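Chains as they are written, first to last, in this note's numbering: chain U, 227 to 609; chain E, 227 to 609.
Comments concern the structure below.
2 protein chains.
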Amino acid sequence: MRVLILGGDGYIGWPTAMHLSAHGHEVLAADNYLRRRLMREIDCDALFPVPNLHERAGLWRERSGRDVRVRVGDLDDWGFMAEVFEEFRPESVIHYAEQPSAPYSMLDRRAADLTLRNNLGVTFNVIHAISQFAPDAHLVKLGTMGEYGTPNIDIEEGWIEIEHKGRKGRFLFPRAAGSLYHTTKVLDTDLLWFYVRTWDLRVTDLMQGPVYGLATDETGDDARLMSFLNYDEVFGTVLNRFMVQAVAGHPLTVYGKGGQTRGYLHLKDALQCVRLAVENPVEPGALRVLNQFVETFSVNDLAARVRESGARLGLDVTVNNLPNPRKEMEEHYYNPVHTGLLELGLKPTPLSDEVMDEMLRLTLRHRDGIVPERIVRGVKWRR
Amino acid sequence: MRVLILGGDGYIGWPTAMHLSAHGHEVLAADNYLRRRLMREIDCDALFPVPNLHERAGLWRERSGRDVRVRVGDLDDWGFMAEVFEEFRPESVIHYAEQPSAPYSMLDRRAADLTLRNNLGVTFNVIHAISQFAPDAHLVKLGTMGEYGTPNIDIEEGWIEIEHKGRKGRFLFPRAAGSLYHTTKVLDTDLLWFYVRTWDLRVTDLMQGPVYGLATDETGDDARLMSFLNYDEVFGTVLNRFMVQAVAGHPLTVYGKGGQTRGYLHLKDALQCVRLAVENPVEPGALRVLNQFVETFSVNDLAARVRESGARLGLDVTVNNLPNPRKEMEEHYYNPVHTGLLELGLKPTPLSDEVMDEMLRLTLRHRDGIVPERIVRGVKWRR
């Protein structure tokens, strides 16, 4: 299948490009290096250097004998988006091209402005590009479990049947996200749902939980093919950050009581999920929502797992419960449904001790790259 | 109270400025004349000329002896928004500054792009301007009943209690709007609700139905103080359009079966509602949603009323059921709650025969201004 990956340089973007290429798809990866630019601006570079997209495609060609096409440009610019679509005429479009950090979106007004305008702008452009140049293409959009927040009722897969005053209706599951970044994904969903029902687009909206890990079937042990391992508070996801904190001898930064519970998954499983969505497109006029995670953990669960893994590898890991810089519930009900991707064939990779230790060993190999000042940045949710 | 009106040149904006001024408030009206520019670009000027904002303020000073301050600039430009806030330090902010036409938002990609970026951009800027320069100010935001769409269950005022699998939660009432314009208001609500709960803003979100009428207590008979009477398919609201069609001898353009039902209100009542919201602000951290309409009518009801009014004034009014250019239900359940504004003190102006005939007489006085080519423009919702 001809698959266009928007945001093909990102934490999941590049691994997806290799994964789909390995599975025989024809891939074009487009990106404007926004994440690299922002990481540089706030001095939060990844643990080890990541080659640029052209270099990555070259390394992948050497390793696999397969081509991934690359275009560098701003997808929030209609001219560039249209050019890529006209040239490639995708059958499937994966949309990752968003500012991906919750703390960055809460940093200050300019960062929030960039997040809102970039994320909505690219989603808008991709809708219109599909409509104009590839009306049969299936759009696979990366949303987030964070769109739902932590409601007091079970979280369904995107939709809910409501009975109210004796009448029934089916609606998008109510959303209440915890950061501006997550809120832009709520807006994306609203926008997609409008155009799906008005123009009969074909869309899968993946509500993904936090992802951990770096090594995939495609990277093997070659760190040059791996993603950004961010360990800072802004671009790092929680388990990746804890790994680096453990290696750096920094107490694990648990926010508040640490009861915050989310649905997590390994990067390998994120790739499986996206591929399954691409290979099983929906009919015109359908917005399919899939909750994309494998297991739920609290932050305290993750801290305990890192401490255990550290003990196995000879590290003395401590935990520090910091005042919570976010506005979120630290103890809450959390019971999200996640059967759709299993039905499509997902073979989950649980967070076993082996997976934990493999991640920690990889981090240990790169311990010289740790810049301790990057670990805590003090971004606060409140004014 | 110091009240800042964003979009103070619009159909409701300028009447609001006069109305609040007449009620003793200190008013600054800001606008970038976007609506005037778009009306000119697509050749949809109003039935009679409307003086610019500076001229209107001068006419109002002559009539009332009261000042309305005016600033012309683009509120989607942070620099301008910040300047207005720093200068005026409002206690209350009314946000009307959006591209207000559903058909315009469906015209083509550029028009849709302008609608999305302008509407979300201004909402974003006003949130940040309040946070930075006027953290205690109460924001009164103009939403639309169209945010809800036409669900199969009763429409509550913004919020709904859901019982699901034995547990309960309170959520924003589910939204599914019928045009991109209406969808931008859904996105506004999501964005406001995020910042309300994160930063404890004070916000009232008015879900307004279609408004009709021109004359208010402040305009008297002086057409120079009245709003744009748009009768084109793009910027005209349905009853105003039907009035001009009746006078022009053009069959009333009912879309499809004409069973589409909405909650309507007179411009006078829209002004009352907004003033009541301003004069009764909410506490920090509250998003109050009020359904702002007086009576529900189907399009067929309105067409019948115009025909009757025409008969009384000697006009032979006919009706033409056109193929529906929109994607909407033509027969549907519709039962929205609207008690909040009545509790605040709204004295409704029902659509009496007197009101109908007054509107039709005003239109007859300006019949020479009708350009028949403006009535139908052929904007279609489908690709």
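The beta carbon of each residue, even a glycine, is placed where N, CA and C say it ideally should be.
All values derive from a computational prediction rather than experimental measurement.
Asked	Found
Histidine 408(U) to leucine 493(E) span [Cα, whole Å]	37 Å
Reduced DSSP secondary structure (H/G/I, E/B, other) of methionine 433(E)	strand
Within chain E, the residues that histidine 354(U) reaches when beta carbons sit closer than 9 Å	Arg335, Ala338, Asp339
Cβ contact check for the stretch 354-362 of chain U and the stretch 358-377 of chain E: 3 or more pairs under 8 Å	no
Contact check, tryptophan 385(E) vs valine 563(E), beta carbons under 8 Å	no
Sub-8 Å separation of tyrosine 481(U) and leucine 528(U) beta-carbons	no
Completely contained beta strand (DSSP E) runs for the stretch 360-418 of chain E, where each covers 3 or more residues	364-370, 385-390, 393-398
Beta carbon proximity, valine 209(U) to chain E, threshold 8 Å	Past the edges of chain U, shown from 227 to 609, lies residue 209(U), and the structure says nothing about it.
Serine 357(U): contacting residues in chain E (beta-carbon distance under 9 Å)	Arg335, Arg609
Residue interval of the beta strand (DSSP E) (run including asparagine 546(E))	545-548
Alpha-carbon to alpha-carbon, methionine 244(E) and aspartate 495(E)	14 Å
Whole-number beta carbon distance between leucine 254(E) and leucine 230(E), since they are thought to touch under 8 Å	5 Å
Residue environment, histidine 280(U), which counts as buried when at least 16 other CB atoms sit within 10 Å	exposed
8 Å Cβ cutoff, aspartate 257(E) in contact with chain U	no
Exposed unless 16 or more other CB atoms sit within 10 angstroms - verdict on asparagine 561(E)	exposed
Under 7 Å by beta carbon: chain E residues contacting proline 400(U)	Phe397, Leu398, Pro400
Presumed contact (8 Å Cβ cut-off) between glycine 484(U) and valine 525(U), rounded CB distance	4 Å
Chain-ordered neighbours of tryptophan 385(U) on chain E, where CB pairs are closer than 9 Å	Within 9 Å Cβ-Cβ: nothing; tryptophan 385(U) doesn't reach chain E, min ~10 Å.
Segment contact, 8 Å Cβ cut-off, at least three pairs: the stretch 270-280 of chain U with the stretch 452-461 of chain U	yes
From Gly462(E), Thr445(E), Val464(E), Leu465(E), residue whose alpha carbon lies closest to that of leucine 497(E)	Thr445(E)
Proximal residues of chain E, C-beta to C-beta of lysine 553(U) below 7 Å	Thr424
Check whether leucine 342(E) and leucine 539(U) have beta carbons under 8 Å apart	no
Valine 520(E) (DSSP reduced to helix, strand or coil)	coil
C-beta contact flag for lysine 391(E) and threonine 430(E) at 8 Å	no
Limits of the unbroken beta strand (DSSP E) element including leucine 541(U)	No beta strand (DSSP E) contains leucine 541(U), which DSSP labels as neither H nor E.
Contiguous alpha helix (DSSP H) assignments of at least 4 residues, all confined to the stretch 428-483 of chain U	464-474
Minimum Cβ-Cβ distance from arginine 393(U) to chain E less than 8 Å	yes
According to DSSP, residues forming a beta bridge with arginine 315(E)	Note: arginine 315(E) sits in no beta bridge, so no partner.
Cβ of lysine 344(U) within 8 Å of any chain E Cβ	The sequence given here has asparagine at residue 344(U), not lysine. Not one chain E Cβ lies under 8 Å of asparagine 344(U).
Sufficient close CB pairs (3 or more, under 8 Å) joining the stretch 468-481 of chain E to the stretch 593-608 of chain E	yes
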